[in-house]
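The block underneath contains the structure these notes are about, expressed in structure tokens.
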């Protein structure tokens with residue numbers, strides 16, 4: 001999934017910080033989107049064949065790579081434009097037929113910058129907080145609130161607490177609940 005501007009350029013949190021307030025959820029056969037003070041919207045997750053017949057193919061770029069996907073329709077486009085106060089936004093779903101791979105590996109990365117998952121070690125974030133003395137935080141902020149705020153800024157998918165700060169930099173694989181993830185190295189965005 002990706003939100004694009006009228007010119008086809010991907011909208012990112014670097015450009016529009018309020019993107020982080022959109023709360024997506026998959027519920028049965030729908031993508032459900034929530035945003036503060038807005039009515040929830042549901043986007044049907046129709047099968048790929050239906051999208052091929054009815055969908056409009058869109059072209060955009062992610063990190064310099066040309067990507068293709070299907071426009072999810074006017075209703076969600078209007079909802080996004082109203083929520084973010086940006087005219088001409090469109091929601092695009094990646095085509096199942098077209099795979100984009102990482103420049104560093106042969107892994108499929110869909111519409112992400114570098115990898116499908118970003119793991120954040122709270123011990124490493126705490127280490128960073130201790131070294132940056134001027135985090136802009138409201139007065140009377142607790143240490144836990146500060147840690148949670150900074151962790152949220154990194155927008156990780158997997159939040160863990162390792163034994164020591166920066167432990168994750170030496171891991172080749174990560175095992176979580178029976179799943180194995182390969183460590184592709186530090187995030188270039190972070």
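In full-length UniProt numbering, the protein residues as written are 1 to 190.
Note that the Cβ used here is the ideal one computed from N, Cα and C, for glycine as well.
| Query | Result |
| --- | --- |
| Beta-bridge pairing of residue 173 - partner residues as DSSP gives them | 182 |
| First and last residue of the uninterrupted alpha helix (DSSP H) at residue 82 | 74 to 84 |
| Residue 56 versus residue 8 - alpha carbon distance | No answer about residue 56 holds up, because its pLDDT of 46 lies below 50 and its placement is not dependable. |
| Given residue 78 as reference, the closest of 156, 13, 91 and 68 once Cα atoms are compared | 91 |
| Residue 88 and residue 81 closer than 8 Å at C-beta | yes |
| For residue 41 and residue 76, the rounded distance between their alpha carbons | 7 Å |
| Boundaries (first-last residue) of the alpha helix (DSSP H) holding residue 153 | 143 to 154 |
| Check whether residue 177 and residue 121 have beta carbons under 8 Å apart | no |
| CA nearest to the CA of residue 152, picked from 1, 13, 5 and 140 | 13 |
| Residue from 147, 124, 139 and 3 with nearest C-alpha to residue 68 | 3 |
| Residue 125 - DSSP class collapsed to helix/strand/coil | helix |
| C-alpha gap between residue 186 and residue 170, whole angstroms | 10 Å |
| Backbone secondary structure at residue 33 - three-state DSSP | strand |
| Cβ-Cβ separation, residue 33 to residue 22 (assumed contact under 8 Å), whole Å | 6 Å |
| Simplified DSSP assignment, three categories, for residue 71 | strand |
| When 84, 28, 43 and 173 are compared against residue 15, the one with the closest alpha-carbon | 84 |
| Reduced DSSP category for residue 168 - H, G, I as helix; E, B as strand; rest coil | helix |
| Residue 116 versus residue 29 - alpha carbon distance | 22 Å |
| Local Cβ density within 10 Å of residue 124, reported as buried at 16 or more and exposed below that | buried |
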